[in-house]
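Enquirer:
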Amino acid sequence: MKLSYTLIAAALLSTTALAGTPAVTLEQAPDFKRLSGSLTGGYATNYTGRGYVVSHSVAQGDSVFFTALKTSYDFGREGAWTFNNTIAYQVPCSGHTLYGNPTFGPNVGAYLAAQELAGMAAAGKPVPAPGTPAYNAALAQGAKKHIKMANIENEFAIVSDFKYTQEKWNVAFGHKFVHGGLLGVMAKHYRDQGASCVNEVFIAPEWTPAKWVSIGVTTSLSFQGIRGWWFEPYVRFKAPIVGTPEDIKVAGVLEFALSATADYFDGRYNACDNGTQAFWIKFSTPWFIKKNLILTPGVSFNWLGEGGMKANECSEFKAYTENSTMVPFREFGVVGSVSLTYTF
24 MKLSYTLIAA ALLSTTALAG TPAVTLEQAP DFKRLSGSLT GGYATNYTGR
74 GYVVSHSVAQ GDSVFFTALK TSYDFGREGA WTFNNTIAYQ VPCSGHTLYG
124 NPTFGPNVGA YLAAQELAGM AAAGKPVPAP GTPAYNAALA QGAKKHIKMA
174 NIENEFAIVS DFKYTQEKWN VAFGHKFVHG GLLGVMAKHY RDQGASCVNE
224 VFIAPEWTPA KWVSIGVTTS LSFQGIRGWW FEPYVRFKAP IVGTPEDIKV
274 AGVLEFALSA TADYFDGRYN ACDNGTQAFW IKFSTPWFIK KNLILTPGVS
324 FNWLGEGGMK ANECSEFKAY TENSTMVPFR EFGVVGSVSL TYTF
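Quick note on numbering: the working numbering labels position 230 of the sequence shown as 253, and the sequence is numbered without any gaps.
As structure tokens, this is what we get:
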């Protein structure tokens, strides 16, 4: 079996914007056929999206299960135009309620209760006199109120693109639809769009100056749910670890990448700032169990960028609960993953 260094299939899981560190699968080149595809299922130790590693507080847990079905149709000779389509689904193993629907902190709750009582008094409604046991009880009751019920829906994504491939470069033009997941949370609960849907168009050029390296950037323009630009540049190195390029058993894939935004976030929503969002280094070792069956363990090291740190600094849930752990992202996270891919 001949190894093709240019066939790197990324299972697009979270897209995630908060979509995510992709699970990379290195494939061996099959005999040419016009219609081909792959089915992937796997597990990751943390909920990730576009390099962000979600905090334990957000989803009341960490890990996720994911699956992706990818098909590719070749229009002409091998290595020219292809149409690719990926349907991906990601399910958190823990909660589906944002931050677990916490209550207000004691000071914030008492303050809001006092404001409510003052408003009632101004409206001529009977209220307990300040300093009385009944008044103090009303203030204490304010701290037991929940902030708001917000959900994290399972992520469903459809990614379609046309790709043109030449010997040392390729470029893809496509569209991405995401329902739920981290991008869905931002669209529905931060931008108050009413629906957790995001639509994007993207262009993804890639340069392969040598068989063992590829350099590229995915540039996405979101036009529904959230509006603005995402950039995800990367450099990937790949080589056989066990076997030879003609008969590979285990391959190694090392990726350096980052994500950044422009005109995407708005300060009034207490979300991230524009600029760098996350950096990561990912190493995976696809093991070709059979010609069409690939087991891929991997580990990534993820750092939060300046834009992502802004969300932690101005987290409304951190302020309302008076709990410093109520932030959306980890500043640093180590994410393990394993996936099994069947190609056809």
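Glycine included, every Cβ here is placed at the ideal spot set by N, Cα and C.
Identify whether A34 lies in helix, strand or coil by the three-state DSSP scheme.
Expert: The residue you call residue 34 lines up with position 11 of the sequence shown. Its pLDDT being 33, under 50, A34 is placed unreliably by the model, and nothing is read from it.
Enquirer: How do the stretch 161-168 and the stretch 189-209 stand: do at least 3 beta-carbon pairs fall below 8 Å, yes or no?
Expert: no
Enquirer: For F340, which three-state DSSP category applies?
Expert: Position 317 of the sequence shown holds residue 340. Of the three classes helix, strand and coil, the one that applies to F340 here is helix, per DSSP.
Enquirer: Within 10 Å of its beta-carbon, does P232 have 16 or more other beta-carbons around it, so buried, or fewer, so exposed?
Expert: Along the sequence shown, one-based indexing puts residue 232 at 209. P232 is exposed by the Cβ-count criterion.
Enquirer: Please name the residue, chosen from E336, I249 and S95, that lies closest to V182 on a Cα-to-Cα basis.
Expert: Sequence index remark: in the sequence shown, residue 182 carries index 159 (1-based). Measuring from the Cα of V182, the nearest candidate turns out to be S95.
Enquirer: Can you give the beta carbon distance from P351 to V131, rounded, assuming they're within the 8 Å contact cut?
Expert: As a working mapping, residue 351 is identified with position 328 in the sequence shown. As a working mapping, residue 131 is identified with position 108 in the sequence shown. So it is not a contact: roughly 19 Å between Cβ atoms.
Enquirer: Looking only at its chain, what residues have a beta carbon closer than 7 Å to the beta carbon of D184, apart from the 5 residues adjacent to it on each side?
Expert: Position 161 of the sequence shown, counted from the start, is the residue given in the question as residue 184. Answer for D184: N107, A195, F196 and G197, listed in chain order.
Enquirer: With DSSP as the reference, label P115 as helix, strand or coil.
Expert: For the purposes of this step, residue 115 is taken as the residue at position 92 of the sequence shown. Reduced to three states, the DSSP call for P115 is strand.
Enquirer: Can you look up A163 in the DSSP assignment and give me helix, strand or coil?
Expert: Against the sequence shown, residue 163 aligns to sequence position 140. The answer is helix: DSSP assigns A163 an H, G or I state.
Enquirer: Nearest to T267 by alpha carbon, out of N325, W310 and Y287?
Expert: For the purposes of this step, residue 267 is taken as residue 244 along the sequence shown, with counting starting at 1. Out of N325, W310 and Y287, W310 has the C-alpha closest to the C-alpha of T267.
Enquirer: Grab the span of the beta strand (DSSP E) containing N325 for me, first residue to last.
Expert: Sequence index remark: in the sequence shown, residue 325 carries index 302 (1-based). From DSSP, the beta strand (DSSP E) with N325 extends over L316 to L327.
Enquirer: So for A210, helix, strand or coil by DSSP?
Expert: Your numbering for residue 210 matches position 187 in the sequence shown. Here A210 sits in helix by DSSP.
Enquirer: My guess is that N69 and Y112 are in contact by the Cβ rule of under 8 Å, so how many angstroms apart are they, rounded?
Expert: The count along the sequence shown starts at 1 and reaches residue 69 at position 46. The count along the sequence shown starts at 1 and reaches residue 112 at position 89. 17 Å between Cβ atoms; not a contact.
Enquirer: Strictly by DSSP, which residues pair up with F106?
Expert: As a position in the sequence shown, residue 106 is number 83, starting the count at 1. Per DSSP, Y96 and F185.
Enquirer: Who are P259's beta bridge partners in DSSP?
Expert: Stepping through the sequence shown from its first residue, residue 259 is reached at position 236. Note on residue identity: the sequence assigns Arg, not Pro, to residue 259. Paired residue(s): S237 and E278.
Enquirer: Among P263, V87 and R250, which residue has its Cα nearest to the Cα of S362?
Expert: Within the sequence shown, residue 362 is the residue found at index 339, counting from 1. Out of P263, V87 and R250, V87 has the C-alpha closest to the C-alpha of S362.
Enquirer: So, is G99 buried or exposed, given that buried needs 16 or more other C-beta atoms within 10 angstroms?
Expert: Your numbering for residue 99 matches position 76 in the sequence shown. The residue is exposed, with fewer than 16 neighbouring Cβ atoms inside 10 Å.
Enquirer: Can you name, in chain order, every residue of its own chain whose Cβ lies under 7 Å from the Cβ of G65, other than the five neighbours on each side?
Expert: As a first step, residue 65 is located in the sequence shown; it is residue number 42 there, counting from the start. Cβ neighbours of G65 beyond the five flanking positions: A46, F89, S360, V361, S362 and L363.
Enquirer: Determine, using beta carbons only, whether S245 and V273 come nearer to each other than 8 Å.
Expert: As a position in the sequence shown, residue 245 is number 222, starting the count at 1. As a position in the sequence shown, residue 273 is number 250, starting the count at 1. At a Cβ-Cβ threshold of 8 Å, S245 and V273 do not count as neighbours.
Enquirer: Looking at H212 and A173, is the spacing between their C-beta atoms short of 8 Å?
Expert: Residue numbering aside, residue 173 sits at position 150 when the sequence shown is read from its first letter. Residue numbering aside, residue 212 sits at position 189 when the sequence shown is read from its first letter. In this structure, H212 lies closer than 8 Å to A173 by Cβ.
Enquirer: Inspect the beta-carbon positions of D286 and W252 and report whether they are closer than 8 Å.
Expert: On the sequence shown, residue 286 is found 263 positions in, with the first residue counted as 1. On the sequence shown, residue 252 is found 229 positions in, with the first residue counted as 1. Yes, the pair counts as a contact, with Cβ atoms nearer than the cut-off.
Enquirer: If you draw a straight line from the C-alpha of W104 to the C-alpha of C337, how long is it?
Expert: In the sequence shown, the residue the question calls residue 104 occupies position 81. In the sequence shown, the residue the question calls residue 337 occupies position 314. Near 46 Å, if we compare the C-alpha coordinates of C337 and W104.
Enquirer: Going by CA-CA distance only, name the one from T242, S219 and F127 that's closest to N346.
Expert: By 1-based counting over the sequence shown, the position of residue 346 is 323. If we check each option's Cα against that of N346, F127 comes out closest.
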